[in-house]
Every structure is written in structure tokens, then in C-alpha cells.
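Here is the structure we will look at.
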Amino acid sequence: QKEVEQDPGPLSVPEGAIVSLNCTYSNSAFQYFMWYRQYSRKGPELLMYTYSSGNKEDGRFTAQVDKSSKYISLFIRDSQPSDSATYLCAIEYNQGGKLIFGQGTELSVKP
Amino acid sequence: AAGVIQSPRHLIKEKRETATLKCYPIPRHDTVYWYQQGPGQDPQFLISFYEKMQSDKGSIPDRFSAQQFSDYHSELNMSSLELGDSALYFCASSMPTGGTDTQYFGPGTRLTVL
Chain A
18 QKEVEQDPGP
28 LSVPEGAIVS
38 LNCTYSNSAF
48 QYFMWYRQYS
58 RKGPELLMYT
68 YSSGNKEDGR
78 FTAQVDKSSK
88 YISLFIRDSQ
98 PSDSATYLCA
108 IEYNQGGKLI
118 FGQGTELSVK
128 P
Chain B
627 AAGVIQSPRH
637 LIKEKRETAT
647 LKCYPIPRHD
657 TVYWYQQGPG
667 QDPQFLISFY
677 EKMQSDKGSI
687 PDRFSAQQFS
697 DYHSELNMSS
707 LELGDSALYF
717 CASSMPTGGT
727 DTQYFGPGTR
737 LTVL
């Protein structure tokens with residue numbers, strides 16, 4: 018079993034929709050949770066990170082961590098065609114350490 | 627803003643050849659990470675260096691070796707290449723901030739082994 022599980026999709030939504038992306042993880046000791054966006058043939062780009070439980074909002078993006086259920090989410094409001102990319106959840110194994118990625122969810126936002 | 631630089635961007639090699647991938651971290655970043663991303667796969671951690679010392683090791687084959695130099699750039703050396711080594715190789719760099727050490731990824735080197 019992978020330490021981080023993510024539904025690979027693909028996920029297709031119309032422009033303006035609210036998108037919900039989710040991951041589960043196995044180790045309750047994890048503290049730092051990230052969401053990366055990766056466009057085709059490019060390097061992952063950090064979108065948001067969250068420490069421990071709670072919500073974090075940045076513009077149209079909201080990251081949510083529920084440590085009790087080991088569940089992390091990314092919500093995208095008013096989705097745009099430019100949001101079309103693969104979204105990877107990631108967990109920092111320990112402070113300053115390696116990242117463990119989920120499989121990535123391919124998102125397509127149709128105009 | 628300066629980003630992580632990787633070279634070459636594309637590399638084609640034959641089986642059993644060797645390859646060297648280079649990574650130049652963001653200025654003042656002292657930690658470098660290497661990841662391998664196969665087709666349709668998530669990035670897998672290979673190895674990391676902090677202040678020129680190996681800090682962590684993941685699923686890196688014995689055929690691969692890496693080091694970080696005094697100017698903090700890093701090289702990933704791959705020998706006896708196999709078809710399965712074809713992948714995108716990402717380098718990321720970070721600097722300690724007291725919280726999470728955000729990793730910034732380079733554009734990757736696409737290695738194709740024929």
C-alpha cells in the first residue's frame with residue numbers, strides 16, 4: 018500500500034465549476050502537506066502547503082487537512098481552463114526531508 | 627526570480643551507456659533533491675544532499691550515484707543504463723526556513739534509453 022493515495026482521474030469539469038481533489042495517507046505522524054501543480058512536461062510547482070490540521074486559503078484555492086481521518090483536499094473555485102494540469106498531493110516525510118507524492122489527478126477544465 | 631536549472635533538458639542514450647545529469651539550485655539554497663518520474667507515474671525520491679553531504683536515500687539503484695559540489699550544484703551519474711531508466715528526472719532545491727523547507731523543482735531532464 019502506498020503511503021499516499023490519490024485518485025488519478027482524469028477529471029473533466031466545465032469552466033467555473035468547483036473542483037475537489039483528494040488524497041489519503043497512512044502515517045499519522047506526517048505534519049506537512051503540500052499540493053503541487055504540474056503542467057505537461059514541466060516540473061511540479063508548489064501551490065500550497067499546510068502544517069498539521071486545518072484550512073488554508075489562497076485566492077481561488079483552499080487546502081484542507083483532516084488528520085483524524087488522514088485526508089487532505091484541495092478545492093479550486095471558479096475553475097479556469099488555465100487550471101488544466103495534473104495536481105499532485107505530497108507529504109514531507111520529515112522536516113526538510115523527501116516528499117512522498119500521490120499518483121496525481123489529471124484535471125481538464127473545459128471552456 | 628532565479629529558478630532551479632537542469633541540464634541537459636533532453637538526453638538520448640543507448641542501453642549500457644552512462645549519463646550525467648546536472649542540477650544548479652536556486653542561489654543560497656543548500657539542499658538538493660533528485661526525483662525520478664516514469665511515464666504516467668508520480669515523482670519518486672532518489673537521493674538528497676544537504677551542505678554537500680548525503681542526507682537521505684530513497685529508491686536509487688546501485689548503478690546510480692550522485693554528489694553535491696562546493697558550489698552546491700549536484701550531478702546524478704547513471705551507469706549501465708536500462709530501458710526502464712527512461713523517465714523525467716527532476717532536481718529540487720530548498721533552504722531551511724524553520725518550518726517546512728519548500729522544495730522548488732527544476733524543469734527536469736527527459737532521459738530516453740534506446
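Chains A and B are the protein sequences, given in the same order. With my numbering applied, the first sequence corresponds to residues 18 to 128, in that order. With my numbering applied, the second sequence corresponds to residues 627 to 740, in that order. Virtual Cβ for every residue (Gly too), placed ideally from N, Cα, C. Since the model is a prediction, treat every value here as computed from it, not as a measurement.
If the cut is a Cβ gap below 9 angstroms, which residues of chain B does residue i touch?
| i | result |
| --- | --- |
| A/Q120 | G666, Q667, D668 |
Find the nearest neighbour of residue i within the set the options, judged by alpha-carbon distance.
| i | options | result |
| --- | --- | --- |
| A/Q23 | A/N111, A/Y104, A/K127 | A/Y104 |
| A/F78 | A/S57, A/K84, A/A46, A/T67 | A/T67 |
| B/Q694 | B/S633, B/M679, B/T646 | B/M679 |
| B/V739 | B/F731, B/P733, B/M704 | B/M704 |
| B/L702 | B/D682, B/Y715, B/G710 | B/Y715 |
| A/T122 | A/Q18, A/E20, A/V21, A/L38 | A/L38 |
| B/V630 | B/L707, B/S700, B/F671 | B/S700 |
| A/S29 | A/F47, A/D100, A/S69, A/N44 | A/D100 |
| A/G76 | A/V82, A/Y88, A/F92 | A/F92 |
On the DSSP bridge list, what partners appear for residue i?
| i | result |
| --- | --- |
| A/F47 | Beta-bridge pairing links A/F47 to no other residue. |
| A/E109 | A/Y49, A/L116 |
| A/K127 | A/P31 |
| B/H636 | B/R736 |
| A/L63 | A/Y53 |
For residue i, which residues in chain A fall below 7 angstroms Cβ to Cβ?
| i | result |
| --- | --- |
| B/G684 | K115 |
Chain B partners of residue i, CB-CB under 7 angstroms?
| i | result |
| --- | --- |
| A/K59 | P733 |
Which bits of chain B does residue i rub up against, with CB to CB less than 8 angstroms?
| i | result |
| --- | --- |
| A/Y104 | Per Cβ cutoff of 8 angstroms: no residues; A/Y104 is ~11 angstroms from chain B at best. |
Query - the region 31-38 of chain A contacting the region 96-107 of chain A, beta-carbon criterion three pairs below 8 angstroms - result: yes
Report task. Decide yes or no for the touch test of the region 106-118 of chain A against the region 41-55 of chain A: beta carbon pairs closer than 8 angstroms, at least 3 of them. Result -> yes
**Report entry** Whole runs of the alpha helix (DSSP H) within the region 666-735 of chain B, excluding any shorter than 4 residues
**Finding:** none
Report task. Check whether the region 653-666 of chain B touches the region 636-645 of chain B, taking contact to mean three or more Cβ pairs, one atom from each stretch, closer than 8 angstroms. Result -> no
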